[in-house]
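Notes follow once the structure below has been shown.
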Amino acid sequence: MEELSLRWLAGQGVSLVALALCLVAFASKRDDKLFVLLLFANVAFAAQFALFASWVAAGISALIVVRIALVRRFPRHRALMVGMLLATLAVAALTWSGPRDLPALAAGLLGTWGMFMLRGIAMRVTLAVAAFCWVLSNLLAGSIGGTLAESLIFITNLVTILRLRRDGRPVLP
Numbered sequence: 316m317e318e319l320s321l322r323w324l325a326g327q328g329v330s331l332v333a334l335a336l337c338l339v340a341f342a343s344k345r346d347d348k349l350f351v352l353l354l355f356a357n358v359a360f361a362a363q364f365a366l367f368a369s370w371v372a373a374g375i376s377a378l379i380v381v382r383i384a385l386v387r388r389f390p391r392h393r394a395l396m397v398g399m400l401l402a403t404l405a406v407a408a409l410t411w412s413g414p415r416d417l418p419a420l421a422a423g424l425l426g427t428w429g430m431f432m433l434r435g436i437a438m439r440v441t442l443a444v445a446a447f448c449w450v451l452s453n454l455l456a457g458s459i460g461g462t463l464a465e466s467l468i469f470i471t472n473l474v475t476i477l478r479l480r481r482d483g484r485p486v487l488p
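Throughout the sequence shown, residue numbering follows our numbering, covering 316 to 488 in sequence.
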């Protein structure tokens with residue numbers, strides 16, 4: 316039981332690191348800064364989900380690190396997007412444990428499409444929906460810190476969308 320408690324505490328601690336990185340990322344109006352900070356945050360989320368033995372979410376979070384690196388270098392590259400979508404489906408198929416893995420899968424697929432094919436407000440709306448899916452995934456994994464992190468990410472993302480709208484940025488990609 317002590318090992319389980321230490322793993323649980325470690326998972327919560329790692330999720331708080333991810334929280335800080337994501338809040339700064341989504342508060343930024345610059346997509347490039349958003350991507351770099353999300354890269355580091357998803358390393359923390361992958362570790363957190365592994366500590367909670369939520370393997371689909373851990374695998375997809377690790378793939379998100381690769382996705383962010385690729386999308387920064389190759390934006391709107393359809394073949395890479397399709398490859399990442401297939402990799403996401405493969406990770407889910409290999410680590411699937413049941414319906415509780417659906418929110419992580421949905422988040423991974425939506426985030427991949429949004430980051431590769433959209434920019435600005437449209438991308439952030441898609442990422443907000445993905446964040447909501449991650450909230451559900453964290454709840455199902457039992458992560459208090461992760462649930463708080465993704466909830467705050469969702470809210471911060473919505474606030475940034477409103478700020479971008481106020482600045483007169485277009486909604487469509």
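C-beta atoms are modelled at their ideal positions from N, C-alpha and C, and glycine is treated no differently. Fair warning: this is a prediction, and the values are worked out from it, not measured in the lab.
Coil, strand or helix - residue i by DSSP
{"i": "I476", "result": "helix"}
{"i": "P418", "result": "helix"}
{"i": "A446", "result": "helix"}
{"i": "S452", "result": "helix"}
{"i": "F367", "result": "coil"}
{"i": "L352", "result": "helix"}
{"i": "R322", "result": "helix"}
{"i": "G435", "result": "helix"}
{"i": "G482", "result": "Residue identity check: residue 482 is Asp in the sequence provided, not Gly. Correct three-state label for D482: coil."}
{"i": "F389", "result": "coil"}
{"i": "G460", "result": "helix"}
Cβ-based neighbour list, residue i, same chain, cut-off 8 Å, excluding 5 preceding and 5 following
{"i": "M316", "result": "Low local confidence applies: a pLDDT of 49 at M316 is under 50, so the model's placement there is unreliable, with the coordinate-based value given in what follows. For M316, where only same-chain residues beyond five positions count, there are no Cβ hits under 8 Å."}
{"i": "F443", "result": "Residue identity differs from the one stated: residue 443 is Ala in this sequence, not Phe. Within the same chain, A443 has close Cβ partners F469, N472, L473, I476."}
Residue i beta carbon near the ligand SAM (any heavy atom closer than 6 Å)
{"i": "W370", "result": "Summarising the ligand content, the structure contains no ligands, and the ligand SAM is consequently not present."}
Other residues of its chain near residue i: CB distance less than 7 Å, five sequence neighbours each side excluded
{"i": "L366", "result": "R322, A325, G326, V329"}
Short Cβ contact (7 Å threshold) for residue i with residue j
{"i": "T403", "j": "L378", "result": "yes"}
{"i": "V450", "j": "T441", "result": "no"}
{"i": "L455", "j": "R415", "result": "yes"}
{"i": "F360", "j": "S343", "result": "no"}
{"i": "G457", "j": "L331", "result": "no"}
{"i": "R393", "j": "T427", "result": "no"}
{"i": "V380", "j": "V358", "result": "yes"}
Sequence-distant residues of its chain with Cβ nearer than 6 Å to residue i (five each side left out)
{"i": "T410", "result": "W370, V371, G374"}
{"i": "L420", "result": "A407"}
{"i": "G429", "result": "M438, T441, L442"}
{"i": "L353", "result": "A340, I383"}
{"i": "S412", "result": "none"}
Alpha-carbon spacing of residue i relative to residue j, whole angstroms
{"i": "L425", "j": "A445", "result": "6 Å"}
{"i": "F431", "j": "R391", "result": "5 Å"}
{"i": "E465", "j": "Q363", "result": "13 Å"}
{"i": "D347", "j": "R387", "result": "7 Å"}
{"i": "A405", "j": "M399", "result": "10 Å"}
{"i": "S452", "j": "P418", "result": "5 Å"}
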